[in-house]
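Just so you know, the protein sequences line up as chains A and B, in that order. So for the first sequence, my numbering puts the first residue at 12; every next one is plus one. So for the second sequence, my numbering puts the first residue at 841; every next one is plus one. Cβ coordinates follow ideal geometry from the N, Cα and C atoms, glycine included.
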Amino acid sequence: MLTIASLKKGQRGIIKEFSVDVVPLKLLEMGCLPGNEVTLVQIAPFRDPLYLNINGSHLAIRLEMASKIEIDLI
Amino acid sequence: MAKQINVALIGNPNTGKTSVFNRLTGMNQKVGNYPGITVEKKEGTCKFGRNCKVHILDLPGTYSLNASSLDENVVIELLLNKNDKDFPDVAVVVADVENLKRNLLLFTQIKDLGIPTILAINMSDRMKRKAITLDVPLLEKKLNTKIALISSRKNLGFDYLKELIENYNQLPTKPCLNASNIAPEYFDRLQKAFPNQDLYKLWLVITQDVNFGKLDRNELQGVASFKTESTSNLKRLQQKETIARYKFINETLKETLHVDTAKAKDLRSRLDRVLTHKVWGYVIFFGILLLIFQAIFDWSAYPMDFIDSSFASLSEWAKNTLPPGDFSSLIAEGIIPGLGGIVIFIPQIAFLFLFISILEETGYMSRVVFLMDKLMRRFGLSGKSVVPLVAGTACAIPAIMATRNIENWKERLITILVTPFTTCSARLPVYLIIISLVIPDTRVLGIFSLQGLTLMFMYILGFGAAILSAYILDKILKVRSKSFFVVEMPNYKVPLAKNVIITVIEKTKAFVFGAGKIILAISIILWVLASYGPGDFNDAEEIVKSEYASQNLSDDDLEMHINSFKLEHSYIGHVGQFIEPAVRPLGYDWKIGIALVSSFAAREVFVGTLATIYSVGSDDEQTIKSRMAAEVNPVLGGPLFNFASGISLLLFYAFAMQCMSTLAIVKKETNSWKWPMWQLVVMTVIAYVVSLAAYQFLR
């Protein structure tokens, strides 16, 4: 299963459908939605958290959350 | 007849909303609290032409109308309540041109409430550099609104924005999209039950109730209980609503917004490469902290010395000018030194907030969160705990309030519990005066002052104690909570001087009038306790005279003996002597004992207390510091403030929980007396044991 956590620095993906129980509403509001493009911008020291560009929004989430959001590579 | 327009400024965090507010209101603003809660309320006024007065409310930053914090709740409560005196005639949604997509989510929600809404697109001066082009007329048509392209940095577009505000009644109030499409059947039922209400408003009340569970407006009463769907279904609908809104926004922007990414000059990635680097990132962060401490210690020393000596001579002047009596000695020995004890903090607090607000304004603070998260998590904290811990160097109270954006309850609780260990500004005067008494004023490696380094060590000690206790708490606390963390990484910006200055002034004012009141009150109480006493106190003159009758003392010496006899036999002297056995093993005398007891109300009282105690009865205009340096240890001889007792005092203040206001805020934030009591007991025990060990070892 490919998730945001499996991206390498600079790689891009498209977010797949997910269920409401996995991703908090706050994250959706910040642009983390099915169909949107996600780029891994930067990885923090110790490989966590991840600095992402989702749909033009720059935000950081933890590896744990990132590994629950499925993507297709592009 | 002048008309007044109520304007609400609404927007995502990091859109420069506050700069827009500062531009519009200038210094005509005041900061208070919303009644009953600790959310900051900023409002201001400005005049458009002669007949038009505008009242502007700067609402807390929020990403959407689905509130998940108290701050965001304030926004919704206001927008749902037509009867509120601040209910806006017109809403100005501030958006950042580089984050338009995300910022429009909130805009569409506000628009759907039927409030006249202006879209103010900020930072438009960056469009050229970022190769952004925007079809404003088309966007206005699609969003059913008027748009002002503004730049608070370059002061562009504000005349047009003001014009739009003035003519707000010409704005279209048609919603952008129909939220009921996400579940037509459910919304039909809702509308049938409340035929006179706006559907979207009803929907917000219901979901609001899901998130917060309190909303009681006359006209909307009963709506919240109209729940024909389960909570998880409602959440699913909220999710659907968000997706529908983004779909609308994406389609709208596809036609109106173009970004030529090839031409965009990207400062962000270049800076990020250095500032979040696994080595340089930490080196830079540490360097910035070092600079801050150097500033607080070195640079603020000059204004502080000036304030200290000015108040000493003011007190002297008052004593000589006013007619002698209880009243003038209350002023000269109680109130003036007490006021001096407040004013002397101003330079340091101002410096600290200068740096903190610059770090926030530039966007660097988010990088610190990103850099520190994994590290902090090892100790049961979150990257977001860095902000409270750093803010705790100013004052634990706003710092504990700042923990609200930590999503995980266990991480948040631990942050609340350990924040009081960080060196707050109230400890600073205690540290400063003791360090300057017991640490030699020399330089290390030719540049760093040894006193400055000692101060930095005290800060590190505070952080160390916080981190270590967090680690222990993480192991022993059994709190279950869902882990979730998201932090926005804003663009880098050059801080606006105006914003920084206003923050510094606001925070300093808050300190002077908030903490200042307590300090002044305690100074007066102490003066009373030190100026009156039972039994022997009232016969001081005769007793001393007869005791020293054989020695033929000069009048001055006799006066001094009488005064010290009086202090010893005053009410406060009795208290001090009562607790002396407990503090003697730590190297303190009964006067320091009094200062310790009184500073359980607030630490900053320590210096004020000593100032009051030492100025009661002394009649030259020495500064507090020189009086303390002259104190002699009654048992061992030699200066009372020597290396061992000085270090012991420093350590006591580093660890002890001596702040009633912090206890009160912890009670409020954790909703129980259990946690503040726990803090009080544990921290005080640690302080006592550590100081005892240090004194006995160094003596």
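Check whether the Cβ atoms of residue 1201/B and residue 1335/B lie closer than 7 Å to each other. A contact, by the Cβ cut-off of 7 Å.
Give the range of the beta strand (DSSP E) segment to which residue 845/B is assigned. Per DSSP, residue 845/B belongs to the beta strand (DSSP E) from 843–851.
Excluding sequence positions up to five away, which residues of its chain have a Cβ less than 8 Å from the Cβ of residue 1052/B? The pLDDT assigned to residue 1052/B is 46, lower than 50, so where the model puts this residue is not dependable, and the model offers no usable value.
Taking C-beta to C-beta, are residue 1529/B and residue 1515/B nearer than 7 Å? Not a contact, by the Cβ cut-off of 7 Å.
Along the chain, which unbroken stretches of the beta strand (DSSP E) at least 3 residues long are found entirely within the stretch 1211–1273 of chain B? You should have found no qualifying run.
Mind pulling the chain B residues with CB within less than 9 Å of residue 76/A? Below the 9 Å Cβ cutoff, chain B contributes 1323, 1324, 1325, 1326 as neighbours of residue 76/A, in chain order.
Which residue comes first and which comes last in the alpha helix (DSSP H) that contains residue 1308/B? Counting along the chain, the unbroken alpha helix (DSSP H) around residue 1308/B starts and ends at 1290–1316.
How would you list, in chain order, the residues of chain A whose beta-carbon sits under 8 Å from the beta-carbon of residue 939/B? Ordered by position in chain A, the residues that pass the 8 Å Cβ test against residue 939/B are 67, 68.
7 Å Cβ cutoff met for residue 960/B and residue 848/B: Going by C-beta atoms, residue 960/B is not nearer than 7 Å to residue 848/B.
Counting only Cβ-Cβ distances shorter than 8 Å, please list the residues of the stretch 1201–1212 of chain B near chain A, keeping chain order. So the list reads 1206, 1209, 1210, 1211, given in the order they occur along the chain.
Same chain, Cβ closer than 8 Å to residue 58/A, neighbours up to 5 away in sequence not counted: Within the same chain, and ignoring the five residues on either side of residue 58/A in sequence, the residues whose Cβ sits closer than 8 Å to its Cβ are 74.
Smallest Cα separation from residue 957/B: which of 919/B, 973/B, 1307/B, 1214/B? When C-alpha distances from residue 957/B are compared across 919/B, 973/B, 1307/B, 1214/B, the shortest belongs to 919/B.
I need the DSSP call for residue 1117/B, collapsed to helix, strand or coil. The answer is coil: DSSP assigns residue 1117/B none of H, G, I, E or B.
List, in chain order, every chain C residue whose beta-carbon is nearer than 8 Å to that of residue 42/A. Protein chains A and B are contained in the structure displayed, whereas chain C is not.
Quick one: complete beta strand (DSSP E) runs, 3+ long, within the stretch 1339–1410 of chain B? Unbroken beta strand (DSSP E) stretches of 3 residues or longer found wholly inside the stretch 1339–1410 of chain B: none.
Measuring only between beta-carbons, confirm whether residue 39/A sits less than 7 Å from chain B. Closer than 7 Å to some Cβ of chain B, the Cβ of residue 39/A qualifies, so yes.
Indicate whether at least one CB of chain A lies closer than 7 Å to the CB of residue 1052/B. Per-residue confidence for residue 1052/B stands at a pLDDT of 46, beneath the threshold of 50, marking its modelled position as unreliable; the derived number appears in the next sentence. Chain A, which has no Cβ nearer than 7 Å to the Cβ of residue 1052/B, makes this no.
Tell me which same chain residues have a C-beta within less than 7 Å of the C-beta of residue 830/B, skipping the five on either side of it? Here chain B has residues from 841 to 1539 only, and residue 830/B is not among them.
Under 7 Å, do residue 1206/B and residue 1119/B count as touching if we go by C-beta distance? No, they are not a contact pair.
Residue interval of the beta strand (DSSP E) (run including residue 986/B): Unbroken beta strand (DSSP E) run through residue 986/B: 986–989.
Euclidean distance between Cα positions of residue 1032/B and residue 1042/B: Distance between the alpha carbons of residue 1032/B and residue 1042/B: 12 Å.
At a Cβ threshold of 7 Å, is residue 1329/B touching chain A? With 7 Å as the cut-off, residue 1329/B counts as an interface residue toward chain A.
According to DSSP, is residue 64/A helix, strand or coil? It is a strand residue.
Roughly how many angstroms separate the alpha carbons of residue 1457/B and residue 1398/B, rounded to a whole number? Residue placement at residue 1457/B cannot be trusted, given a pLDDT of 49 that sits under 50; what the coordinates show is reported in the next sentence. Looking at the two C-alpha atoms, the distance is approximately 12 Å.
Go through its chain and collect everything with a Cβ distance to residue 1461/B's Cβ below 6 Å, but skip five positions before and after it. Residue placement at residue 1461/B is flagged as unreliable, the pLDDT there being 48, under the threshold of 50; the coordinate-derived value follows with that caveat. Contacts found: 1152, 1153, 1156.
Restricting to Cα atoms, I'd like to know which of 1254/B, 952/B, 974/B, 1271/B is closest to residue 1188/B. Residue 1188/B has its Cα closest to that of 1271/B, out of 1254/B, 952/B, 974/B, 1271/B.
Give me the Cβ distance between residue 1369/B and residue 1182/B, rounded to the nearest whole Å; I'm assuming they're in contact under 8 Å. Approximately 20 Å separates the beta-carbon atoms of residue 1369/B and residue 1182/B; this is outside 8 Å, ruling out the contact.
What would DSSP say about residue 1505/B, mapped onto helix, strand or coil? In the structure shown, residue 1505/B sits in a helix (DSSP, three-state: H, G or I).
Among 1225/B, 1030/B, 1324/B, nearest to residue 33/A - alpha-carbon criterion: Taking the Cα of residue 33/A as reference, the smallest distance to any Cα among 1225/B, 1030/B, 1324/B is reached at 1324/B.
Integer-rounded CB distance, given that residue 1523/B should sit under 8 Å from residue 1260/B: Confirmed, about 7 Å.
Between residue 1083/B and chain A, is the shortest Cβ-Cβ distance under 7 Å, so that the two count as touching? Yes, contact with chain A.
Going residue by residue through the stretch 860–901 of chain B, where are the continuous beta strand (DSSP E) segments of at least 3 residues, counting only ones entirely within it? Uninterrupted beta strand (DSSP E) stretches at least 3 residues long and entirely within the stretch 860–901 of chain B occur at 869–873, 880–888, 892–898, given in chain order.
Helix, strand or coil: how does DSSP classify residue 1461/B here? Legend: pLDDT at residue 1461/B = 48, less than 50; position of this residue unreliable, no value from coordinates given.
Among all the DSSP beta bridges, which residues are the ones paired with residue 1479/B? In the DSSP output, where bridge partners are listed per residue, residue 1479/B has 1472/B.
Is there a Cβ of chain A sitting closer than 7 Å to that of residue 908/B, yes or no? Yes, because at least one Cβ of chain A sits closer than 7 Å to the Cβ of residue 908/B.
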